[in-house]
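Undergrad:
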Amino acid sequence: MEFNNVTAKALANVYFDGKVVSHGITLEDGTTKTFGVIYPGNYHFGTEAAERMEVIAGQCKVTLDGAEQVQSYAAGSYFDVPANSGFTIEVEGELAQYICSYLQD
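So the sequence shown is numbered by numbering that gives the first Met the number 0: it starts at 0 and just counts up by one.
#1: F2: buried (16+ other C-beta within 10 angstroms of its C-beta) or exposed?
#2: Could you round the C-beta distance between Y42 and F15 to whole angstroms and report it? I think they count as a contact, below 8 angstroms.
#3: For the putative contact between Y72 and C59, defined by C-beta atoms under 8 angstroms, what is the C-beta separation to the nearest angstrom?
#4: Considering only residues of the same chain and omitting the five flanking positions on each side of I55, which have a CB-CB separation below 7 angstroms?
#5: Which whole runs of the beta strand (DSSP E) in the segment 11-60 are 3 residues long or more, in chain order?
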């Protein structure tokens with residue numbers, strides 16, 4: 000996937016001692032996205048805005064806050080996370096790579 004005509008943030012967002020790393024961009028229309036890599040492990044993230052997480056490489060298992068069911072996602076799939084919520088993501092084996100888009104109401 001490629002994004003054209005963007006403003007990129009040079010500093011990375013680094014979480015969980017470097018096990019999750021992302022960079023942010025702002026598109027021409029003002030919307031923002033982050034994209035990055037997730038190393039094997041189990042991590043919990045909170046959300047303020049609603050998000051769509053697209054898995055672009057690798058695979059992961061996700062449990063949304065308040066849900067008991069674990070869902071598996073492979074490259075080419077996505078999951079949505081409600082605003083003011085969160086999710087636990089588990090990556091086993093190879094890295095997972097993602098693009099996070101912030102959803103508008």
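Every residue gets a Cβ at the ideal spot worked out from N, C-alpha and C, and that includes glycine.
TA: By the coordinates alone:
#1: Label assigned to F2: exposed.
#2: About 5 angstroms; that satisfies the 8 angstroms criterion.
#3: About 6 angstroms separates the Cβ atoms of Y72 and C59, confirming a contact at the 8 angstroms cut-off.
#4: Around I55: M0, A74, Q96, Y97, I98.
#5: Fully enclosed beta strand (DSSP E) runs of 3 or longer: 12-14, 19-25, 31-37, 40-45, 50-56.
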